[in-house]
Amino acid sequence: MPFLCVNVDHVATLRQARLGTEPDPIAAAAMAEIAGATGIIMHLREDRRHVQDRDIEIISRTIQTKFNFEMAATEEMQSLALKYKPATVCLVPEKRQELTTEGGLNCIGNEDRLRDYLAPLHEQGIRSSLFIDSDPAQIEAAKSIGTEYVEIHTGHFADAASRLEQKAELEKILQGIKMSQDLGLKVNLGHGLNYVNIYDFADVPGIYEYSIGHSIMARAIMTGIDRAVRDMVEIIRTFTD
Ligand code: PXP
Numbered sequence: 054m055p056f057l058c059v060n061v062d063h064v065a066t067l068r069q070a071r072l073g074t075e076p077d078p079i080a081a082a083a084m085a086e087i088a089g090a091t092g093i094i095m096h097l098r099e100d101r102r103h104v105q106d107r108d109i110e111i112i113s114r115t116i117q118t119k120f121n122f123e124m125a126a127t128e129e130m131q132s133l134a135l136k137y138k139p140a141t142v143c144l145v146p147e148k149r150q151e152l153t154t155e156g157g158l159n160c161i162g163n164e165d166r167l168r169d170y171l172a173p174l175h176e177q178g179i180r181s182s183l184f185i186d187s188d189p190a191q192i193e194a195a196k197s198i199g200t201e202y203v204e205i206h207t208g209h210f211a212d213a214a215s216r217l218e219q220k221a222e223l224e225k226i227l228q229g230i231k232m233s234q235d236l237g238l239k240v241n242l243g244h245g246l247n248y249v250n251i252y253d254f255a256d257v258p259g260i261y262e263y264s265i266g267h268s269i270m271a272r273a274i275m276t277g278i279d280r281a282v283r284d285m286v287e288i289i290r291t292f293t294d
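Right under this line is the structure:
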């Protein structure tokens, strides 16, 4: 059975909307683990728009399953990874203005740089994953870098404007999964996966892990809203007229 790694970035997004202390992504991570998540992902962005340094520091101490540190390949992130020693780092490209990670990492032509970048992390026993588009040249480059995992970008599939386009994107992903597996890479999938489109991968063998954030947090709000409102109504009911 594939694993489910839950991304709690958007719990932090909600907290940062008020620059306060709740909801706390650390508490959300613990609840996700109790519910069966086999790993927790946090993306510490250069602009600190959601996850903060404090979150990385605390999750590293409280994680019960495995912490997957999603990050850009910068010097700052490398030293944080060496300090906090997550189970895995997932390297992603990062653009200041993007709403979310828009595309895969460009490994082609960056093989030496990325290999050197990952070397000290690998020496410390930290595993690596490269978030890439399902493109044969990117997969080959990722393999030559010496990563253990690739995370194939499912965002174009998830965002496809028509079922036809979605099928074409799915086909590309399936070919990428097969090629990566043939090369001995472990394959994760992530970005835009939800309670509907995940069924398209039900019969695909050998997927190591799904990395899912937004749709789970969106559902958590909807499934939790009834209880949250009832709790407040209950409190107000106890007040005198
Ligand atoms: N994997 C990577 C590399 C990502 O950048 C993201 C988004 O932060 C995800 C998975 C999760 O995507 P989503 O929030 O759309 O489920």
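To convert, take the position in the sequence shown, counting from 1, and add 53; that gives our numbering.
Glycine is no exception: its CB is placed at the ideal position from the N, C-alpha and C atoms.
Treat the numbers as computed from the prediction; the structure is a model and nothing was measured.
### Task
Quick one: using the 10 Å Cβ neighbour count with 16 as the cut-off for buried, is Glu147 buried or exposed?
Numbered from its first residue, the sequence shown carries residue 147 at position 94. Per the 10 Å Cβ criterion, buried.
### Query
On the three-pair Cβ rule with 8 Å, is the region 211-230 touching the region 168-178?
no
#### Entry: Range covered by the beta strand (DSSP E) that runs through Phe292
Taking the sequence shown and counting its residues from 1, the one referred to as residue 292 is at position 239. That residue, Phe292, is in no beta strand (DSSP E); it is neither H nor E in DSSP.
### Message
Taking 6 Å as the cut-off, is the beta-carbon of Asn60 closer than that to any non-hydrogen atom of ligand 1?
### Response
On the sequence shown, residue 60 is found 7 positions in, with the first residue counted as 1. Flag set: Cβ of Asn60 near ligand 1.
### Task
Check whether the Cβ atoms of Arg180 and Glu201 lie closer than 7 Å to each other.
In the sequence shown, residue 180 corresponds to position 127, counting from 1. In the sequence shown, residue 201 corresponds to position 148, counting from 1. For Arg180 and Glu201, yes; Cβs fall inside 7 Å.
### Task
Take Asn250 as the anchor and find which of Val142, Ala83 and Gln219 has the nearest alpha-carbon.
Indexing the sequence shown from 1 puts residue 250 at position 197. Measuring from the Cα of Asn250, the nearest candidate turns out to be Gln219.
### Task
For the beta strand (DSSP E) holding Ser264, just list the boundary residues, first then last.
To locate residue 264, count along the sequence shown from 1; it is residue 211. Element bounds for Ser264: Ile260 to Ile265.
### Task
Identify the continuous alpha helix (DSSP H) that holds Val64 and give its terminal residues.
On the sequence shown, position 11 is the one that residue 64 refers to. Start and end: Asp62 to Gln69.
### Message
Which residues does DSSP list as the beta-bridge partners of Val240?
### Response
By one-based count along the sequence shown, residue 240 stands at place 187. Its beta-bridge partners are Val203 and Ile260.
#### Entry: Closest by C-alpha distance to Gln234, when choosing among Ser187, Leu217 and Tyr248
Within the sequence shown, the letter at position 181 stands for residue 234. Among Ser187, Leu217 and Tyr248, the Cα nearest to that of Gln234 belongs to Ser187.
### Query
Is the Cβ-Cβ distance between Thr276 and Gly245 less than 7 Å?
Translated into positions along the sequence shown, residue 276 becomes position 223. Translated into positions along the sequence shown, residue 245 becomes position 192. For Thr276 and Gly245, no; Cβs fall outside 7 Å.
### Task
Please classify Val282: does DSSP put it in a helix, a strand, or coil?
The residue given as residue 282 occupies position 229 in the sequence shown. In the structure shown, Val282 sits in a helix (DSSP, three-state: H, G or I).
### Task
Have a look at Gln69 and Arg101 and give me their C-alpha separation to the nearest angstrom.
In the sequence shown, residue 69 corresponds to position 16, counting from 1. In the sequence shown, residue 101 corresponds to position 48, counting from 1. Approximately 9 Å between the Cα atoms of the pair.
### Query
Straight-line CA distance for Arg71 to Asp165?
Position 18 of the sequence shown, counted from the start, is the residue given in the question as residue 71. Position 112 of the sequence shown, counted from the start, is the residue given in the question as residue 165. C-alpha separation (whole angstroms): 42 Å.
### Task
Have a look at Asp238 and Pro139 and give me their C-alpha separation to the nearest angstrom.
Here residue 238 refers to the residue found at position 185 when the sequence shown is read from its first residue. Here residue 139 refers to the residue found at position 86 when the sequence shown is read from its first residue. Strictly speaking, residue 238 in this sequence is Leu, with Asp absent from that position. When rounded, the distance between both Cα atoms is 20 Å.
### Query
Where does Leu217 fall in DSSP's three states?
Your numbering for residue 217 matches position 164 in the sequence shown. Leu217: helix per DSSP, three-state reduction.
### Message
Nearer than 6 Å: is that true of the beta carbon of Ala265 relative to any heavy atom of ligand 1?
### Response
On the sequence shown, position 212 is the one that residue 265 refers to. What sits at residue 265 in the sequence shown is Ile, not Ala. Yes - ligand 1 has a heavy atom lying nearer than 6 Å to the Cβ of Ile265.
### Task
For the alpha helix (DSSP H) holding Ile112, just list the boundary residues, first then last.
Here the question's residue 112 lines up with position 59 in the sequence shown. Where Ile112 is concerned, the enclosing alpha helix (DSSP H) stretches over Asp106 to Thr115.
### Endpoints, the beta strand (DSSP E) within which His96 is located
Taking the first residue of the sequence shown as position 1, residue 96 is located at position 43. First-last of the beta strand (DSSP E) with His96: Gly92 to His96.
### Message
Please classify Pro78 as buried or exposed, where buried requires at least 16 other C-beta atoms within 10 Å of its C-beta.
### Response
Residue 78 sits at position 25 when you count from the first residue of the sequence shown. Buried.
### Query
How long is the line joining the alpha carbons of Glu155 and Phe292, rounded to whole angstroms?
Your numbering for residue 155 matches position 102 in the sequence shown. Your numbering for residue 292 matches position 239 in the sequence shown. If you take the alpha carbons of Glu155 and Phe292, they lie about 49 Å apart.
### Near ligand 1: Thr207 beta-carbon under 6 Å from a heavy atom
As a working note, residue 207 is residue 154 in the sequence shown. No - ligand 1 has no heavy atom lying nearer than 6 Å to the Cβ of Thr207.
### Message
Within the continuous alpha helix (DSSP H) that includes Glu129, where are the two ends?
### Response
Residue mapping note: residue 129 aligns to position 76 of the sequence shown, counting from 1. Here the alpha helix (DSSP H) through Glu129 covers Glu128 to Tyr137.
### Cβ-based burial, Lys136 [other Cβ within 10 Å; buried from 16]
Looking up residue 136 in the sequence shown gives position 83. Exposed, because fewer than 16 other Cβ atoms sit within 10 Å of the Cβ of Lys136.
### Query
Around the C-beta of Met130, are 16 or more other C-beta atoms found within 10 angstroms, so that it is buried, or is it exposed?
Translated into the one-based positions of the sequence shown, residue 130 becomes position 77. Per the 10 Å Cβ criterion, buried.
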